[in-house]
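Student:
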Amino acid sequence: METRKVLALRKRQVLILFILLGLSRAGPQSGRYSVAEEAEIGSFVTNLARDLGLGAEELSSREARVMSDDNKKHLHLNLLTGDLLLNEKLDREELCGFFEPCVVHFQVLLKNPLQFFRAELHIKDINDHSPTFLDKEILLKISESTTVGTSFLMESAQDLDVGSNSLQNYTISSNTHFYIKIRESSDGKIYPELVLDKALDHEEEPELRLTLTALDGGSPPRSGTTLVLIKVLDINDNAPEFAQSLYEVQVLEDTPLGSWVITISANDLDAGNYGKISYSFFHASEDIRKTFEINPISGDVHLKSHLDFEVIQTYTINIQATDGGGLSEKCTLLVKVIDINDNPPEVTMSSITNRIPENAPETLVAVFSVRDQDSGDNGRMVCSIQDDLPFFLKPTFKNFFTLVTEKALDREMRAEYNITISVTDLGTPRLKTEYNITLLVSDVNDNAPNFTQTSYTLFVRENNSPALHIGSVSATDRDSGTNAQVTYTLLPPQDAHLPLASLVSINADNGHLFALRALDYEALQAFEFRVGAADAGSPALSSEALVRVVVVDDNDNSPFVLYPLQNGSAPCTELVPRAAEAGYLVTKVVAVDGDSGQNAWLSYQLLKATELGLFGVWAHNGEVRTARLLSDRDAPKHRLVVLVKDNGEPPLSASVTLHVLLVDGFSQPYLPLPEAAPDEAQADSLTVYLVIALASVSSLFLFSVLLFIAVRLCGRRRAASVPEGHFLGHLVDVSGTGTLSQSYQYEVCLMADSGSNEFKFLKPIFPDFSVQDTGRNMGENTNFRNSFGFNIK
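Note that our numbering numbers the sequence shown so that position 717 is 1704, with each residue one more than the last.
#1: Would you call the region 1353-1364 and the region 1264-1283 in contact, with 3 or more CB pairs under 8 Å?
#2: For Y1508, list the residues DSSP reports as bridge partners.
#3: Are there three or more Cβ pairs, one per stretch, closer than 8 Å when the region 1498-1517 is compared with the region 1407-1415?
#4: DSSP on S1691, reduced to helix/strand/coil?
#5: May I ask which residues mark the beginning and end of the beta strand (DSSP E) holding D1310?
#6: Can you grab the Cα-Cα spacing for the pair I1457 / L1506, in whole Å?
#7: Going by DSSP in three states, A1513 sits in which element: helix, strand or coil?
#8: Throw me the rounded Cβ distance for the P1480 and F1516 pair, which I believe falls under 8 Å.
#9: Which one of Q1585, Q1440, L1589 and V1647 has the shortest CA to CA distance from E1598?
#10: From this set, S1285, H1116 and K1185, which residue's C-alpha is nearest S1206's C-alpha?
#11: Taking the beta strand (DSSP E) that L1035 belongs to, which residues open and close that run?
#12: What are the boundary residues of the alpha helix (DSSP H) that D1274 is part of?
#13: Taking P1100 as the reference, give the member of E1045, L1072, H1063 and S1153 with the closest Cα.
#14: Could you check if L1658 is buried or exposed, using at least 16 other CB atoms within 10 Å of its CB as the buried criterion?
#15: Using only the alpha-carbon positions, how far apart do D1375 and L1426 sit?
#16: Would you list the one or two residues that DSSP bridges to V1460?
#17: Assign H1164 to one of two classes, buried (16 or more other C-beta atoms within 10 Å of its C-beta) or exposed (fewer than that).
#18: In terms of alpha-carbon separation, which member of T1119, S1132, S1173 and L1126 lies closest to L1147?
#19: Pair every Cβ in the region 1293-1301 with every Cβ in the region 1341-1348, then say whether three or more of these pairs are closer than 8 Å.
#20: Just verifying my parser: in three-state terms, what is the DSSP assignment at S1467?
#21: Taking the alpha carbon of A1051 as the reference point, which residue from K1059, D1057, L1041 and N1058 has its own alpha carbon closest?
#22: For Q1360, name the three-state secondary structure that DSSP assigns.
#23: Taking the CB atoms as reference points, tell me whether L1811 and N1225 lie closer together than 7 Å.
#24: Measuring CB atoms only, is the region 1202-1216 touching the region 1149-1161, in the sense that at least three cross pairs come out at less than 8 Å?
#25: Which residue wins for smallest C-alpha separation from S1338, given the options F1031, V1354, H1270 and R1535?
#26: Suppose only complete runs of 3+ residues qualify. What are the beta strand (DSSP E) ranges in the region 1023-1086, listed by chain order?
#27: With respect to the alpha helix (DSSP H) encompassing L1426, which residues constitute its N-terminal and C-terminal limits?
#28: Check each candidate in N1254, G1084, K1168 and D1582 and name the one with the smallest Cα separation from V1539.
#29: Can you round the beta-carbon distance between G1312 and L1220 to whole angstroms, since I take them to be within the 8 Å contact cut?
#30: Counting pairs of beta carbons, one from the region 1466-1478 and one from the region 1422-1436, are three or more of them closer than 8 Å?
#31: Under a CB-based cut-off of 7 Å, is N1608 close to chain D?
#32: Is the region 1539-1549 touching the region 1572-1591, taking contact as three or more C-beta pairs under 8 Å?
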C-alpha cells in the first residue's frame, strides 16, 4: 500500500475530526461507534433509530440519510429497521494510515424538519500486516579499528498496523561481534542499532552476514527479516562532515519533474579513496524514494515525481555521506511542500426539490455541502447565488448550507428559475465551481379572469336573422392549466323588465354573443347587460364586464303622411284665388318616418298634376305653391299627386293626392264640393253635363227671377254687415320643417251662370284660411288643426 496515500487519508481524517469537534455546539452530542477492520459487508454497527430516540417509521418519513465527510458510502442505513450496517469492508490502513485512533466521521440528515446528527465510527486495527524492510540487504562497512560499544543505526522496518499490532522489537541472528539495541525516536518509532560487542579483525573475518528480524506485538506475532552484510575495512580515521546538520527547502507542489531541489555537501579530510564521499538516502520511506532522487557524487537532490500538498505537506529525508573507508555522517533534509490553488471547491448535493407551489412561504429547496482540499486561503470558500433571485443561502454548520426561498413566489411573474450556486475559494488565482438547479414554480389559482375591456359596445342591424353572431367578449387568466380555463355566463340584468334570456345568448367556452331573435329598432334602440367570466380553479375566481348592444336602424318604415289625411269620408280640397301671385302657398304636405338618421330624411316631389307647370312642391318642406300667375283659362279643378320619399337604401315612399279648386270670390256661402271624380269616372262627365244643361234650360225662367232677387238683397246687406273686428276663424296648425304662418279670409257670394256652377270671389275681407308651421324636422311628433271659415252674404 502506498505510504503517500495513507498519509493523505490520515491527515484528512484529522482535519474532519477537528471540524466536527468545533461544531459540537451546533447540534446534539456525537455518537461514537466502533467496528473491526475487514469486517464483512452488512455487519451490524448500531441501531440508529434507538440511539436517536426515533421510531423506524419516523426515519423513513423524514427521509433519513447517512453522509460521510469523504463522500464515500461506508455505511448503509436500513430505514425499515433503523439498523446501521457496513456497506463495504473497511481497511484501517487505507483510511487512516499510521494515525490512531482511526475515526470515520459521518452525519445523519433528517428532513421535515431539517436536523443534523454527527457521529463517528472507530476502526479497530487487526494484525493483518507483517513488518517489512524496504531493502532486502543492508550493507555496512566497518573499520577494524572501531572501538567496542560503537553503535550503528540500522534501517528500520515498516508495519502498517498500529498500537500493539505495530512493530515492537528487533532481533539479530546469533553472532560473537554484535547485538541489537532498540532506540526510540521523538515521534515514538523504534529503530534498531547494531552495537559492536567485540572488536573486528579484517584479517580474521573480512565479512559478516547477519539476519535482522523485526517483530510486531500481534497475537500471533508477525515478523519480517533482512540480510545485514558487514564488510570489515581497514582503518579510516576521518569521517565525512556536513556543512550543516539540517537543510530546509520549500518547493511548490506544481514544480515540474526533474527540477533541482537542493545540493547536499559534505567534506572528508582523508586523502585518496578514504576521502571520496558518496551520498545516499538513509532510512527513506517508499514515498521519499519515489518522489526524490540524489546524485551520489554531487549530492544534488532532484524531483522525481509530482508533489501533492493535499497528500503530504512535509518530507523529512535523512541523507548519509559515506567515504571510501566506510565512515559516514548523516544530516536531515526538510522539504516543505508549498500549497498552490490547484483544487477547485467541491459541491455535494444532499437533498434537492425541483418544484414548489407559488404561494408557499419560506421553503427548503436544497441541502448541500462544500469543501476544498487546498489549505489556507486556497481552502477558504465563499458560497453565493445570483443577487436577483428570491432565494438566500442559509449556513447550518461548517460547510453545510441550505437554499431557501425568501418569500412566496409568483408563477405569473416567473415560472422557472435557473439557480447557479457558485463556490469560490480565496486562492490565487481564485477557482470557482458552479452547480445549477432548475426550479419550477407550480401554479395556484390566485388570479381572476380579466376582460380585455371593461365595457363592450356591439352593433347589430335590426331585422337580423335569429342566432346571429353579434360580437364577442374575451377574458384572459394569468394562471395556467385548469386555473386558466375561462367560462362565460350572462348575469341577471339590473332592469327586471328586460327579457335578456330571449334577446341574447353567450357561448360559455369562447364568449361569442348571439342574438336569439330579430330586433326592432323602433321598439328597442339599445340595451345593456353584464357578462361574467369564471375560471375552473378551486375556489373559482370571476370578474364582470358591461356589454351594450346598440340596434342599428334599417330602412323598414315608409313615410307616413300626417296632412292632408287621405280618407274617403273627409276629402281635402284646397281653395286658391285666381288672383294669387306666383309662389302662393296652396298647402303643406306633412309626413313623418318611423326610422332614424338618414332613413328619416324626407324629400317631396310632384308626381302627377292636372296641368303641368301650374303648381310646384318644395323638396325639403313639402310646401305646395303656385308656379306662375293664374289665368281665366286655367281649369277650376286640379288634382295633384305628391310623392314623399325617404333617404334610405333602398328608399321607401308614400304619395298623397291633393284637390285644388280655383275660385274668383266668396259672394255666396261655399259648400264643400264632393271629391273629384276618379280617373275612371271622367269618361261619364259628358253625360252629367247634358243632364245639367237640360235641367238648366227647363228652369231658366225661375232661376232668373230668383237671381235678380238675390242680387238686390246682397247689395243692401253688404254695406250694413261689414265686420268691425278680426274674423275669428279656425286655424289649421301644421308642424314640419321650416315655419309658415299665413291667414286669408274672403267674402263670397254663391252665383250661378248658365250651364255651370262655380264660386266667385267678390271681395277679400280678411284672411279666412290659416296654416301655421312650427317644429324642427319631419321626424318629430306633429300636431295638426285645420278648419275653414267663410262670411256669406
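Where is the CB? At the ideal position from N, CA and C, for every residue including glycine. For clarity, every value in this text was computed on a predicted model and none was experimentally measured.
Tutor: Working from what's here:
#1: No, the region 1353-1364 does not touch the region 1264-1283.
#2: By 1-based counting over the sequence shown, the position of residue 1508 is 521. Answer by DSSP bridge pairing: none, since Y1508 is not bridged.
#3: Output reads no: the region 1407-1415 does not touch the region 1498-1517.
#4: Along the sequence shown, read from residue 1 onward, the residue named residue 1691 stands at position 704. It is helical.
#5: For the purposes of this step, residue 1310 is taken as residue 323 along the sequence shown, with counting starting at 1. For D1310, the enclosing beta strand (DSSP E) stretches over residues T1301 to D1310.
#6: In the sequence shown, counting from the first residue as 1, residue 1457 sits at position 470. In the sequence shown, counting from the first residue as 1, residue 1506 sits at position 519. Going from the Cα of I1457 to the Cα of L1506 covers about 12 Å.
#7: For the purposes of this step, residue 1513 is taken as residue 526 along the sequence shown, with counting starting at 1. Strand, per DSSP.
#8: On the sequence shown, position 493 is the one that residue 1480 refers to. On the sequence shown, position 529 is the one that residue 1516 refers to. Right, the Cβ-Cβ distance comes to about 5 Å (below 8 Å), so this counts as a contact.
#9: As a working mapping, residue 1598 is identified with position 611 in the sequence shown. Comparing Cα-Cα distances from E1598 to each of Q1585, Q1440, L1589 and V1647, the minimum goes to V1647.
#10: Residue numbering aside, residue 1206 sits at position 219 when the sequence shown is read from its first letter. Of the candidates S1285, H1116 and K1185, the one whose C-alpha sits nearest the C-alpha of S1206 is H1116.
#11: Here residue 1035 is taken as the residue at index 48 of the sequence shown, counted from 1. Annotation for L1035: no beta strand (DSSP E) segment contains it, though the alpha helix (DSSP H) segment containing it runs L1035 to L1039.
#12: Within the sequence shown, residue 1274 is the residue found at index 287, counting from 1. Counting along the chain, the alpha helix (DSSP H) containing D1274 begins and ends at E1273 to T1278.
#13: Working through the sequence shown from its first residue, we reach residue 1100 at position 113. For the residues E1045, L1072, H1063 and S1153, the minimum Cα distance to P1100 belongs to E1045.
#14: Here residue 1658 refers to the residue found at position 671 when the sequence shown is read from its first residue. Per-residue confidence for L1658 stands at a pLDDT of 41, beneath the threshold of 50, marking its modelled position as unreliable; the derived number appears in the next sentence. An exposed status is given to L1658, since fewer than 16 other beta-carbon atoms sit within 10 Å of its beta-carbon.
#15: Working through the sequence shown from its first residue, we reach residue 1375 at position 388. Working through the sequence shown from its first residue, we reach residue 1426 at position 439. Going by the C-alpha atoms only, they are around 15 Å apart.
#16: Along the sequence shown, read from residue 1 onward, the residue named residue 1460 stands at position 473. Answer is none; V1460 lacks a bridge partner.
#17: Along the sequence shown, read from residue 1 onward, the residue named residue 1164 stands at position 177. It is buried - the Cβ of H1164 has at least 16 other Cβ atoms within 10 Å.
#18: Sequence index remark: in the sequence shown, residue 1147 carries index 160 (1-based). Looking only at T1119, S1132, S1173 and L1126, the smallest Cα-Cα distance to L1147 is reached by T1119.
#19: Too few Cβ pairs lie closer than 8 Å, so no.
#20: For the purposes of this step, residue 1467 is taken as the residue at position 480 of the sequence shown. Coil at S1467, not helix or strand.
#21: Against the sequence shown, residue 1051 aligns to sequence position 64. Looking at the Cα atoms, L1041 is the closest of the given residues.
#22: In the sequence shown, residue 1360 corresponds to position 373, counting from 1. In the structure shown, Q1360 sits in coil (DSSP, three-state: anything other than H, G, I, E or B).
#23: With the chain represented from 988 up to 1780, any question about residue 1811 goes unanswered, as that position is not in the structure.
#24: Segment contact: the region 1202-1216 against the region 1149-1161, three or more CB-CB distances shorter than 8 Å; contact assigned.
#25: Counting from 1 along the sequence shown, the entry for residue 1338 is found at position 351. Out of F1031, V1354, H1270 and R1535, the CA that lies nearest to the CA of S1338 is found in V1354.
#26: The region 1023-1086 is shown to contain whole beta strand (DSSP E) runs of 3 or more residues at 1031-1034, 1052-1055, 1062-1064 and 1070-1073, in chain order.
#27: Your numbering for residue 1426 matches position 439 in the sequence shown. Looking at the DSSP string, L1426 is not in any alpha helix (DSSP H); the run it does join, the beta strand (DSSP E), is K1419 to S1429.
#28: Reading the sequence shown from its first residue, position 552 is the one you call residue 1539. The residue among N1254, G1084, K1168 and D1582 with its C-alpha nearest the C-alpha of V1539 is D1582.
#29: Working through the sequence shown from its first residue, we reach residue 1312 at position 325. Working through the sequence shown from its first residue, we reach residue 1220 at position 233. Taking 8 Å as the upper bound for CB-CB distance, G1312 and L1220 are in contact here, some 6 Å apart.
#30: With the cut-off at 8 Å, the region 1466-1478 and the region 1422-1436 touch.
#31: No chain D is part of this structure, which consists of one protein chain only.
#32: In this structure the region 1539-1549 lies against the region 1572-1591, because at least three pairs of beta carbons, one per stretch, are closer than 8 Å.
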